[in-house]
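Below is one structure, written out as C-alpha cells; comments come after it.
Protein chains in written order, with this note's numbering: chain W, 378 to 1037; chain C, 92 to 346.
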C-alpha cells in the first residue's frame, strides 16, 4: 500500500459524497472570505484616516468577532451532520479490515484537503473582493473614494489561525465519533428506531406563556428607555418560547389533529399528519434555529436599512433647524451680542435666516405621579416609563412665537404634551402647584427635545419671573446636577448654501469664543450620521448575508437527511397502494409545512416586535414609522423570495433522493 | 372460473446501456381459480419475483396478458394502477412493510384511508379482521413495540381489510422464527378455507406444503406443478422436496 493510497482515498471520499460536501466546502470558503473581508476592512489604513472612520472600524471589528463566532458554529454544525451521514461508510471500511487508526488517518487527510481548499480559495476570494467591499463601504459612508489596493497581513494571519482552529475542532469531533463507535453501530449509522414523541403539555404551556410574555412586553412598552432595557428580556422570552413551542407545541397540535378522527382519516391528512409528528420531533430544534436566525436577519436588515435610508429624517429630528445655538447664559447683553454675531456671519455669506425659532426655557426631568412630578432623586422610583421631560417656557416668549397674546396668572400654566396627554387639572412640583389653564393642540417650538427618549411636556408659565423662581427651586433641589436656563435660537438656511462653513463662522463669532453657547449644524453632523448609520447598514448587510447563509445551510442539510430517512417510508406507501402523485403530494405538504413554518413564525415575531423596534429606533432619532414599516416589509419580501428559492433547490434534491 | 389468468407472459430486461438482454420470464401461463391457495416455488433468479411484480401491477410484461377477473391489468393506465391495486390486491411482504409513523390500527387503515373510505365503514371492517388475526390487544401500539409475528399479522390484516380479490404474499415467512411461521401458515390455510384466494411466492418447502397447489418455476418457465389433493402437509412436504431435488439435479419433466 503506497503512501499516497490514503491521500487518494480521502480525495475520492470527498468526491463521492459531493452532494453533502460541496455545500460544506462552499460554506467554508464563504465564511473564510467574509471573515477576511470584515477583518481587513476593520484594519484598513485608508479608513482609519477618514473622519468618523474609527467609529466604523470599531463597529467592523465587533462585526468580525460575530462573523468568526458564527462561522465556527455553522461549520461545526454542518460537520456533525456530515459525519452522521458517513458513519455507514466508515463502518464498511472497518468491516473490510481497516482499523480505526486508518480511518482516522483518512479523515485527517480529508480535513487537510478541505482546510487547504477552503482557506486558500476563501482568502483569494476575500483579497479579490476586498477592494469592491471597500468601495461599497465608502459609498455607504459617503466617504471619498480612494485609490490603491491593500492586502492585509494581520487579517490573513488571523483568518489562518481562526479557521485552522475551527477545522482542527471538526477533526477532533469526527475522531471522537469514530473512536466511540462500534463497527456494527457504524454500519447502522443514523437508522435507530424512533419512539413516538410524547405530548408535553407543560412545555407547551411554558412556551405559550413565554412567547406571550415576550409579546406583551413588545406590545405594551411605551417609553424608549424602558424598551432599551426590556429588549433583551423580551428577546430571551420569545426565544425560549420559540424553542419550546417548536419542540412541544407543534407535536401537541398535531396530536390533537390526529385525535380528530374525521379530519385525520382523510387521504390528504393521514400520511401528512403522522409524518409530521415524527418530522417535528427530529427537527424542532433545527426549525427553531432557522426561525430565530431568520428573525435576526430580518430585524438586523430592516433596522439598519431604515436607519440608513432615514438619515435625512433622523437629522431633521435631531436638529429641528439647520443651525441651532443653545446658550446657557441668558443675560440680555449676551443674547444681543449673539444676535449681532450671527447677523454679521449671515450678511457676509449673503443669506437670510429662515424659519427662525427663539425662546428661553428651563428643562428638567421629573417622575410623573398622578398630577405631581417628583424631581427629588431620593423619591424617584426608577420606573423609566414615568420619567417625563418638563420644558418650561415664559409666557412672553410663547406669545412672540405663536403671535398671540396670552394672559396667565402666577399660578397658571398652559401645557402642550408630546407622547401622551396630560390628564390632570393641576401640576405640582418643587412644592408649587399650578392650575392647568389650558391644553395646547399645537406649539411651533415643539419637537425641539425629541432627542430625549422620554415623554415631553411643554409648560408655558406666566413670565420670566416665574421661570426664575422655578430655576432657583430646582437648583436648590438638585445642586450641581441642576438644569440651566437656556436660550435657544434656531434657523434654517436656503438649501444651496454652504451650511458647514456658516456653522464654522458662527462658532468663531461667538462672544469671546465663549463656551456658554453650543452651536450645532445639521449639515456638519451629516457626515457623522452617515458614517455611523452607513457603518451599521454595512454591518447589517454583512451579518445578514452570513445569517442567511447559515439559514440556507441548515435548511439544505435538514432536507437531505430527511430525504434519506423518508425514502424507505415512501417506498412502502407506494407498495400498499399509494400512487406516485399521492406520495408526491404528501411529501410536498409535509416539506412545505416544515419549510415555511419558521418563516411564518419569524414574520409573526417581526410583526409583534414592530412597535417595540420603532420605540428603539427613536433612540437613534428615527421616528419615521412609515419608513420603517416599508423597510420591514421590503426586507421580508426579499428574504421570503430568497427563502422560496432555496426551498425550490432543496426540494428538488429531496425528491431526487426519495424517488430514486 | 379463473380469478387470475396469466397467458404467455414474457419479460426481458435490457441492461442500462443497451446491449445485454436478460430474459427473466420466457413463457409463463397458468390460472388461479377463485378460492385457490397457490404457491409458486423457485430458486433465487428463477424469475419468481419478476412474476410477482407483474401480477402486482408493479411491473409490466414485455409480452403476454394478465387477467384479473377477466380484466387485463397490463393495460390499466398508470394513474389508475394505484387505485386498482388497493381495491383488488392485498399484499403481504417478507419484511412486513409497516410504517413506523403509524400505530398498528392506522397501518391497517392505510389502504382504506387512501381509498377515501368512511370512518364508520373502516371501523366496521376492522373489528372482524383484527379479531380473526388476534391483534385486537395491540391495535394502539406501534410497529417497533410488537413482535415479528404480530407485525406480519398486522400486514395480513392490512391486506384483508380491503376485501381483496387476491392476496399476494412474497416470502411471508422469510423473516419469522419457526413458531411464528407455523402459526402464520395455519392462519393462511384458515383464511383460504374461508374462501380467500391466495397466491404466495416462496422458496420455503414448509410454506409451500400448506398450499393446495404448488407451481415450480425455473429459468423463467413453469417447470412443474403439484396438487395437494387430499394428502397431508407432511406428504406434500415430501413431494415438494422430491421435486426440488429433481429440479436441482436436472431431471426430466414429469407429469
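Virtual Cβ for every residue (Gly too), placed ideally from N, Cα, C. Predicted model, so just to flag it, every value in this text is computed and none were measured.
Within the region 838-896 of chain W, the complete beta strand (DSSP E) segments at least 3 residues long are 862-869, listed from N- to C-terminus. Nearest to residue 813 of chain W by C-alpha distance, out of W:819, W:785 and W:820, is W:785. The residue among C:225, C:231, C:321 and C:212 with its C-alpha nearest the C-alpha of residue 193 of chain C is C:231. Residue contact with chain W for residue 192 of chain C: present (Cβ-Cβ distance below 9 angstroms to some residue of chain W).
At a cut-off of 9 angstroms between beta-carbon atoms, residue 213 of chain C makes contact with chain W. The Cβ atoms of residue 866 of chain W and residue 733 of chain W sit closer than 9 angstroms to each other.
With fewer than 16 neighbouring CB atoms inside 10 Å of its own CB, residue 168 of chain C falls in the exposed class. The region 644-651 of chain W makes no contact with the region 997-1014 of chain W; the number of CB pairs closer than 8 angstroms stays below 3. Of the candidates W:623, W:552, W:996 and W:548, the residue whose Cα lies closest to the Cα of residue 584 of chain W is W:623. At a Cβ-Cβ threshold of 9 angstroms, residue 514 of chain W and residue 915 of chain W count as neighbours. Residue 233 of chain C belongs to the set of residues whose beta carbon lies under 9 angstroms from a beta carbon in chain W.
The closest CA to that of residue 1014 of chain W, considering only W:1032, W:997, W:979 and W:1001, is found on W:979. The closest CA to that of residue 835 of chain W, considering only W:768, W:481, W:884 and W:863, is found on W:768. Residues of chain W whose Cβ lies closer than 7 angstroms to the Cβ of residue 339 of chain C do not exist; the shortest such Cβ separation is about 32 angstroms. The beta strand (DSSP E) runs lying completely inside the region 659-735 of chain W and spanning 3 residues or more are 700-704, given in chain order. The C-alpha of residue 654 of chain W lies about 14 angstroms from the C-alpha of residue 964 of chain W.
Taking every protein chain shown into account, the CB of residue 526 of chain W has fewer than 16 other CB atoms within 10 angstroms, so this residue is exposed.
At least one C-beta of chain C is nearer than 9 angstroms to the C-beta of residue 651 of chain W. As a beta-bridge residue in DSSP terms, residue 834 of chain W pairs with W:767 and W:794. Taking 8 angstroms as the upper bound for CB-CB distance, residue 303 of chain C and residue 128 of chain C are in contact here, some 5 angstroms apart.
Taken through DSSP and simplified to helix, strand or coil, residue 261 of chain C comes out as strand.
Between residue 250 of chain C and residue 205 of chain C, the C-beta gap is not smaller than 9 angstroms, which leaves the two residues out of contact. With a threshold of 9 angstroms between beta carbons, residue 973 of chain W makes no contact with chain C. If you check the CB distance, residue 503 of chain W and residue 401 of chain W do not come in under 9 angstroms.
For the C-beta of residue 1035 of chain W, not a single chain C residue is nearer than 8 angstroms; the gap to the nearest is close to 15 angstroms. Within the region 573-605 of chain W, the alpha helix (DSSP H) runs of at least 4 residues that lie entirely inside it are, in chain order, 578-597. Not a single C-beta of chain W is nearer than 9 angstroms to the C-beta of residue 301 of chain C.
Residues of chain W whose Cβ lies closer than 8 angstroms to the Cβ of residue 118 of chain C do not exist; the shortest such Cβ separation is about 27 angstroms.
Ranked by Cα distance from residue 290 of chain C, the options C:103, C:104 and C:126 are led by C:126. Sequence-distant Cβ neighbours of residue 477 of chain W in its own chain, meaning closer than 8 angstroms and more than five residues away, are 471, 555 and 556. Judged by their CB atoms, residue 614 of chain W and residue 989 of chain W are not nearer to each other than the 9 angstroms cut-off.
Beta bridge pairing from DSSP links residue 743 of chain W with W:765. For residue 408 of chain W, the enclosing alpha helix (DSSP H) has its first and last residue at 395-419.
With respect to residue 248 of chain C, residue 221 of chain C sits close: the two C-beta atoms are nearer than 9 angstroms. One alpha carbon belongs to residue 242 of chain C, the other to residue 148 of chain C, and they sit about 24 angstroms apart.
Not a single CB atom of chain W sits nearer than 9 angstroms to the CB of residue 111 of chain C.
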